[in-house]
Amino acid sequence: MDSYLMQHFDWATCDNCRDAEDKHKLITRTEAKEEYLLKDCDLDKREPVLRFIVKKNPHNPRWGDMKLYLKPQVLKPLEYFRLFFFFFFFLPLSAGGTRDLRSLTN
């Protein structure tokens, strides 16, 4: 597959299936930081390192270039955090003082 998303983001989606307005939207670094409360280290240093493309800023070409990230790649680590948050804060403690996933089925 030689699609735009595969070439630039290593994301397996063909060009015909790409949903550029929602599911496969490209977001700016600023948007990722403001909308999802990410820090520079979240975008630069976490593993796997996020891939991005660089484009001229459409608002003013003299401003710095924009870094555009693939939205689902930015959101993926947030899913793990949400699971951790749920596990840590909402699962009841067992008699031994540990959190037990079996309590979800009772």
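1 is the number of the first residue of the sequence shown in full-length UniProt numbering; add one for each residue after it.
Just so you know, even glycine gets a beta-carbon here, dropped at the ideal spot from N, CA and C.
Legend entry - Test item: CB-CB of Ser3 and Asp19 under 8 Å: No. Outside cutoff.
Legend entry - Thr30 in three-state terms, based on DSSP: Helix at Thr30.
Legend entry - Where the alpha helix (DSSP H) through Leu50 begins and ends: Neither: Leu50 is in no alpha helix (DSSP H) and is coded neither H nor E.
Inset, instruction - Specify, as a first and last residue, the run of the beta strand (DSSP E) that Leu43 falls within. - result: No beta strand (DSSP E) holds Leu43; the alpha helix (DSSP H) holding it covers 40-44.
Legend entry - CB contact flag (Ile27, Leu78, <8 Å): Taking 8 Å as the Cβ cut-off, Ile27 and Leu78 do not qualify as a contacting pair.
Inset, instruction - To the nearest angstrom, report how far apart Lys55 and Cys17 are at their CA atoms. - result: Looking at the backbone, the Cα of Lys55 and that of Cys17 are separated by about 23 Å.
Legend entry - Neighbour-count burial assignment, residue 123, 16 or more Cβ in a 10 Å radius: Outside the shown range of the chain (1 to 106) lies residue 123, about which nothing can therefore be said.
Inset, instruction - Could you work out which residue in Phe52, Lys76, Asp42 is closest to Phe9 when comparing CA atoms only? - result: When only C-alpha atoms are compared, the closest one is Phe52.
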